[in-house]
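Asks: Here it is, the structure, as structure tokens.
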Amino acid sequence: MLAGPREGPALRTTLVFILALVVPSVLLSAFAYQAAAAERRARLAERSRAVRTEALGLVGEVDALLGSWARGLSADLRAAGPARAPEQAVAAIARRVAEDRLFRPTFLVLDRAGQRVHPAPPARA
Numbered sequence: 025m026l027a028g029p030r031e032g033p034a035l036r037t038t039l040v041f042i043l044a045l046v047v048p049s050v051l052l053s054a055f056a057y058q059a060a061a062a063e064r065r066a067r068l069a070e071r072s073r074a075v076r077t078e079a080l081g082l083v084g085e086v087d088a089l090l091g092s093w094a095r096g097l098s099a100d101l102r103a104a105g106p107a108r109a110p111e112q113a114v115a116a117i118a119r120r121v122a123e124d125r126l127f128r129p130t131f132l133v134l135d136r137a138g139q140r141v142h143p144a145p146p147a148r149a
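Here it is, written out as structure tokens:
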């Protein structure tokens, strides 16, 4: 069937409506979704950076603590003399473990942002 004289303008009006309102709305919605996703990725990257910085600080502290503990134990063993018996080494280790706070039960408390609350982080210069 051929389109009547009234169907042509109605079809044209519908196409103009679709082109003028629907297509821009869909495009703007897609851009808004992309912007929201980009912001979410940026927040996640910033959070990851903050957690990584805190973790590196904790690793540095643990490394320093273990290094000082190992140096102290090595000094204790050297002080025992070169002809030390295994019992002397065990006694030196047991004494070091009893004295050092490294082997006391300890825990960390982090706030919602991942920052250490307890024990307080050392002051950084």
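Numbers in the numbering used here are just positions in the sequence shown, counted from 1, shifted up by 24. Note that CB positions come from ideal geometry on N, CA and C, so glycine has one too.
#1: Over what stretch of residues does the alpha helix (DSSP H) that includes aspartate 124 continue unbroken?
#2: Classify alanine 116: buried if its beta carbon has 16 or more other beta carbons within 10 angstroms, exposed otherwise.
#3: Return the CA-CA distance between leucine 52 and alanine 61, expressed in angstroms with no decimal places.
#4: Would valine 75 and glycine 138 qualify as a contact pair, given that the criterion is a beta-carbon distance under 7 Å?
#5: Cβ of arginine 140 less than 7 Å from any chain C Cβ?
#6: From the DSSP output, read off the bridge partner residues of arginine 95.
#7: Rounded to whole angstroms, what is the Cα-Cα separation between alanine 118 and arginine 140?
Replies: So, from the data block:
#1: Segment: none, aspartate 124 is in no alpha helix (DSSP H) and carries neither H nor E.
#2: In summary, alanine 116 is buried, with 16 or more beta-carbon neighbours lying within 10 Å of its beta-carbon over all protein chains present.
#3: 14 Å
#4: yes
#5: The structure shown contains no chain C, having only a single protein chain.
#6: Answer by DSSP bridge pairing: none, since arginine 95 is not bridged.
#7: 31 Å
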